[in-house]
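A.B. asks:
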Amino acid sequence: DQEVFNRKASDQKDLSRKKSLLKEIDFYLVTDSGLSRKGTLSDVKESVEAGCKIIQYREKNKSTKEMIDEAAEIKKICSGRAIFLVNDRVDVALAVDADGVHIGQDDMPIETARKILGADKIIGLTVHNVDEAVEAEKSGADYVGLGSIFDTSTKKDAGQGIGPARIREVMNAIKVPVVAIGGINKENCRSVIENGADSLVAISAVVCSDDVKKETREFIDIIREIKNKS
Ligand code: 3NM
Numbered sequence: 005d006q007e008v009f010n011r012k013a014s015d016q017k018d019l020s021r022k023k024s025l026l027k028e029i030d031f032y033l034v035t036d037s038g039l040s041r042k043g044t045l046s047d048v049k050e051s052v053e054a055g056c057k058i059i060q061y062r063e064k065n066k067s068t069k070e071m072i073d074e075a076a077e078i079k080k081i082c083s084g085r086a087i088f089l090v091n092d093r094v095d096v097a098l099a100v101d102a103d104g105v106h107i108g109q110d111d112m113p114i115e116t117a118r119k120i121l122g123a124d125k126i127i128g129l130t131v132h133n134v135d136e137a138v139e140a141e142k143s144g145a146d147y148v149g150l151g152s153i154f155d156t157s158t159k160k161d162a163g164q165g166i167g168p169a170r171i172r173e174v175m176n177a178i179k180v181p182v183v184a185i186g187g188i189n190k191e192n193c194r195s196v197i198e199n200g201a202d203s204l205v206a207i208s209a210v211v212c213s214d215d216v217k218k219e220t221r222e223f224i225d226i227i228r229e230i231k232n233k234s
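In the working numbering, the protein residues as written are 5 to 234.
And the structure:
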């Protein structure tokens, strides 16, 4: 029993360490098997090797069984190196004991996800404006994904880009980390960090490349350079 208790206590410590890590993350990879050149597992492996500290498994075209198998592999790659979240699918996250989930405004309500996952998992929520961000924080989101910053064709219903200046407004309204997403590439990512985002996601700019490791490394270098200046 003591051993179980010690393990639980250390898991708890690990989780609070992960939650505080959210503030320090620079580049955040979201997977997309439809766009990927080399496949999701290869993308995750290369990005983690390049120093990416958080991976979100976002899969819209596979069966639940395929997703659970793939998520289990991603968890192994991330183990001890990166936080591992599952997009939308609370069941898949639970099945493989992921670190948490990322949910959208039209997915399962955050309170319900929290009830199912418990206090000790990370839950991120997509928001589009200050009001949704404040609401997300109140509902217990550990971070918010703010999008779409620029126009993107990766998510069909993302709508028009809100522009990087809006990031500052959201940053000023909430305390939880803000992750910027949507249409971000190496050219425009400077403006995203300069406007205060804690971290950023780039999907197509990374997974459509032949060298995911190099692209991740370059994003991390640019982001750190700007953060060090401010
Ligand atoms: N969510 P890319 S935009 C998954 O606005 C996702 O909430 C968005 O892909 C939102 O980096 C988006 O290729 C796609 O533009 C981001």
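We put the CB at the ideal spot given by N, CA and C, even for glycine.
I need the DSSP call for Asn176, collapsed to helix, strand or coil.
C.D. replies: In this structure, DSSP gives Asn176 a helical state, which the three-state scheme calls helix.
A.B. asks: Return the CA-CA distance between Lys159 and Val211, expressed in angstroms with no decimal places.
C.D. replies: Taking the straight line from one Cα to the other gives about 14 Å.
A.B. asks: Which residues count as close to the ligand 3NM when the rule is a CB under 5 Å from any of its heavy atoms, in chain order?
C.D. replies: Every residue passing the under-5 Å Cβ criterion appears here: Thr130, Gly151, Ser152, Thr156, Thr158, Lys159, Ala162, Ile185, Gly186, Gly187, Ala206, Ile207 and Ser208.
A.B. asks: Mark Lys49 as exposed unless 16 or more other C-beta atoms lie within 10 angstroms of its C-beta, in which case mark it buried.
C.D. replies: buried
A.B. asks: According to DSSP, is Thr158 helix, strand or coil?
C.D. replies: coil
A.B. asks: Run through the segment 167–234 for me and flag every whole beta strand (DSSP E) of 3 or more residues, listed as ranges in chain order.
C.D. replies: 182–184 and 203–205
A.B. asks: Taking Ile226 and Lys190 to be in contact with their CB atoms under 8 Å, please state how far apart those CB atoms are, rounded to whole angstroms.
C.D. replies: That pair is a contact at about 6 Å.
A.B. asks: May I ask you to report which of helix, strand or coil DSSP gives Ile107?
C.D. replies: strand
A.B. asks: Can you name the start and end residues of the alpha helix (DSSP H) that Leu281 belongs to?
C.D. replies: There is no way to answer for residue 281, as the model of the chain reaches only from 5 to 234.
A.B. asks: Taking C-alpha atoms, which residue in Gly200, Arg194, Gly186 and Phe154 lies nearest to Glu173?
C.D. replies: If we check each option's Cα against that of Glu173, Gly200 comes out closest.
A.B. asks: What's the gap between the Cα of Ala137 and the Cα of Val131?
C.D. replies: Between Ala137 and Val131, the C-alpha separation is close to 6 Å.
A.B. asks: Which residue wins for smallest C-alpha separation from Ile188, given the options Ala169, Asp155, Gly122 and Lys79?
C.D. replies: Asp155
A.B. asks: Along the alpha helix (DSSP H) that carries Thr68, what are the first and last residues, could you check?
C.D. replies: Thr68 to Cys82
A.B. asks: Going by DSSP in three states, Thr130 sits in which element: helix, strand or coil?
C.D. replies: strand
A.B. asks: Cα separation between Asp215 and Ile81?
C.D. replies: 18 Å
A.B. asks: If you follow the alpha helix (DSSP H) that Ile153 is part of, which residue opens it and which one closes it?
C.D. replies: That residue, Ile153, is in no alpha helix (DSSP H); it is neither H nor E in DSSP.
A.B. asks: Can you tell me where the beta strand (DSSP E) holding Leu33 begins and where it ends?
C.D. replies: Counting along the chain, the beta strand (DSSP E) containing Leu33 begins and ends at Phe31 to Val34.
A.B. asks: Tell me the rounded alpha-carbon separation between Pro113 and Asp92.
C.D. replies: 10 Å
A.B. asks: Could you round the C-beta distance between Tyr61 and Val183 to whole angstroms and report it? I think they count as a contact, below 8 Å.
C.D. replies: At roughly 16 Å, the Cβ-Cβ gap does not stay under 8 Å, so Tyr61 and Val183 are not in contact.
A.B. asks: Thinking just about the alpha-carbon of each residue, which of Lys22, Ile166 and Ile207 is nearest to the one in Asp103?
C.D. replies: Lys22
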